[in-house]
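Engineer:
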Amino acid sequence: MKTRLLTLFALAGILGLSACGERPQIVEYKQGKYQGKADTRPWEAPAFKGDKLAWENALRNRNQAQNEYKRVD
Amino acid sequence: MARMKFLCDAERCIECNGCVTACKNEHEVPWGVNRRRVVTINDGVPGERSMSVACMHCADAPCMAVCPTDCFYKTEEGVVLHDKDLCIGCGYCFFACPFGAPQFPNGPAAFGARGKMDKCTFCAGGPEADGSDEEFKKYGRNRLSEGKLPACAEMCATKALLAGDSAVVSDIYRDRVLRRGKGSEAWGWSTAYGKQGEKIQERTQERSQAQEGAK
């Protein structure tokens, strides 16, 4: 009788625990794909007419102008 | 060219709000929308620090991840932009953004009544034709396509707010910190009022104590 009860409890325990699986709880956000209009690149604007190098140089100069130590030297 | 970034030097920011004004003026941003704002910690207390905050153009932008209409895109220079034609004004991006960058023209209204989201574009406009009237109306001026940096940073009087290529910006900041040498002492409160101010405070305390003693 005792052994029967024990096995019954053991089986119930196993059944009960079988539902508790270890699943990842962290939500994975999937990066959506852009659905809107396509944009042109900044150096393709009328000011630079596709000259990427000239655009980069213009920005580099502006960037360096923010460093007053370089401007004073 | 590397990734475009903003960097605000809290030691230099004097809370003049020049960046906010420059942004509003440059893009003719509607009333109630602030693409940029200045946040001050310990306001009025000696040693207060201010910092200019706008969209940080995150490498892994949470606004892009949560947008149900996928209206966000990232340019080659790492600028996070969006298509206003797709925006439904749900406000998810506002809740996802840790900097409070997304703004809505109708403020905190009900879903669908907030209007199209507006945020800092790093002065790079939007998906409309560069320099067009339509682009200006929706996103403001496209300074980047004119070979210029964001108006807020270029307008900053103390050069606290730096913008541009992240490598150059960090070089400028590094150079500045090295020359500063003494940490916060070369700029900011203690240079302007610091030790003298402390001495005055000490003298007034001594005087009040002496007066109390005489009574």
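Protein chains in written order, with this note's numbering: chain F, 1 to 73; chain C, 1001 to 1215.
Ideal Cβ placement from N, Cα and C applies to all residues, glycine included.
#1: Consult DSSP for residue 34 of chain F and reduce its assignment to one of helix, strand or coil.
#2: Here's the rule: buried if 16 or more other CB atoms are within 10 angstroms of the residue's CB, otherwise exposed. What is residue 69 of chain F?
#3: Could you work out which residue in F:35, F:63 and F:56 is closest to residue 1087 of chain C when comparing CA atoms only?
#4: From what residue to what residue does the beta strand (DSSP E) around residue 1038 of chain C run?
#5: To the nearest angstrom, how far is the alpha carbon of residue 56 of chain F from that of residue 1122 of chain C?
#6: On a CA-only basis, which of C:1116, C:1057, C:1103 and C:1063 is nearest residue 1124 of chain C? Give me that one, please.
#7: Of all the beta strand (DSSP E) runs that stay within the bounds of the segment 1031-1098 of chain C, which reach a length of 3 or more residues?
#8: Buried or exposed: where does residue 1108 of chain C fall if 16 or more other Cβ atoms within 10 Å of its Cβ makes it buried?
#9: For the beta strand (DSSP E) that residue 1117 of chain C lies in, which residues bound it at each end?
#10: Quick one: what's got a C-beta closer than 7 Å to residue 1172 of chain C's C-beta in the same chain, skipping five residues either side?
#11: Using a C-beta to C-beta distance shorter than 8 Å, which residues of chain F count as neighbours of residue 1064 of chain C?
#12: Tell me the residue span of the alpha helix (DSSP H) that contains residue 1136 of chain C.
#13: Taking the alpha carbon of residue 1160 of chain C as the reference point, which residue from C:1051, C:1026 and C:1029 has its own alpha carbon closest?
#14: In angstroms with no decimal places, state the Cα-to-Cα distance between residue 1168 of chain C and residue 1009 of chain C.
#15: Quick one, which of C:1070, C:1079, C:1016 and C:1029 has its alpha-carbon nearest residue 1002 of chain C's?
#16: Does DSSP classify residue 47 of chain F as helix, strand or coil?
#17: Take residue 1250 of chain C and list the residues in its own chain whose beta-carbon comes closer than 8 Å to its own, dropping the five residues that flank it on each side.
#18: Residue 1033 of chain C and residue 1133 of chain C look like a contact to me (Cβ under 8 Å); what is the Cβ gap, rounded to whole Å?
#19: Name, going along the chain, the residues of the segment 2-13 of chain F whose beta-carbon falls closer than 7 Å to a beta-carbon of chain C.
#20: Would you kindly report the start and end of the unbroken alpha helix (DSSP H) that includes residue 1155 of chain C?
#21: If residue 24 of chain F sits next to residue 1144 of chain C, beta carbons under 8 Å apart, how far is it from one beta carbon to the other, in whole angstroms?
#22: Looking at the structure shown, is residue 1017 of chain C part of a helix, part of a strand, or coil, going by DSSP?
#23: Residue 1150 of chain C: buried (16+ other C-beta within 10 angstroms of its C-beta) or exposed?
#24: Can you pull the chain F neighbours of residue 1073 of chain C, defined as C-beta to C-beta under 8 Å?
#25: Give a yes or no on whether the minimum CB-CB distance between residue 1166 of chain C and chain F is below 7 Å.
#26: Should residue 1005 of chain C be flagged as near chain F, meaning a C-beta pair shorter than 7 Å?
#27: Would you mind telling me which residues of chain C sit closer than 8 Å to residue 24 of chain F, beta carbon to beta carbon, in chain order?
#28: Would you say residue 1052 of chain C reaches chain F, if we count a Cβ-Cβ gap shorter than 7 Å as a contact?
Structural biologist: Put simply:
#1: Look at residue 34 of chain F here: in three-state DSSP terms it is coil, with no helix or strand label.
#2: exposed
#3: F:35
#4: 1037-1041
#5: 16 Å
#6: Comparing Cα positions, the closest option is C:1057.
#7: The segment 1031-1098 of chain C contains these whole beta strand (DSSP E) runs: 1037-1041, 1049-1053, 1072-1074 and 1080-1082.
#8: Counting Cβ neighbours within 10 Å, residue 1108 of chain C comes out exposed, since fewer than 16 surround it.
#9: That residue, residue 1117 of chain C, is in no beta strand (DSSP E); it is neither H nor E in DSSP.
#10: 1162
#11: 31 and 32
#12: 1133-1139
#13: C:1051
#14: 15 Å
#15: C:1079
#16: coil
#17: The question about residue 1250 of chain C has no answer, for chain C in this structure spans 1001 to 1215.
#18: Incorrect: roughly 19 Å between the Cβ atoms, too far for contact.
#19: none
#20: 1151-1155
#21: Taking the Cβ atoms as the reference, residue 24 of chain F lies roughly 41 Å from residue 1144 of chain C, outside the contact range of under 8 Å.
#22: Here residue 1017 of chain C sits in coil by DSSP.
#23: Classification for residue 1150 of chain C: buried.
#24: 34, 36 and 39
#25: no
#26: No, residue 1005 of chain C does not count as interfacial toward chain F.
#27: By Cβ distance, chain C contributes nothing, its closest Cβ being about 18 Å from residue 24 of chain F, past 8 Å.
#28: no
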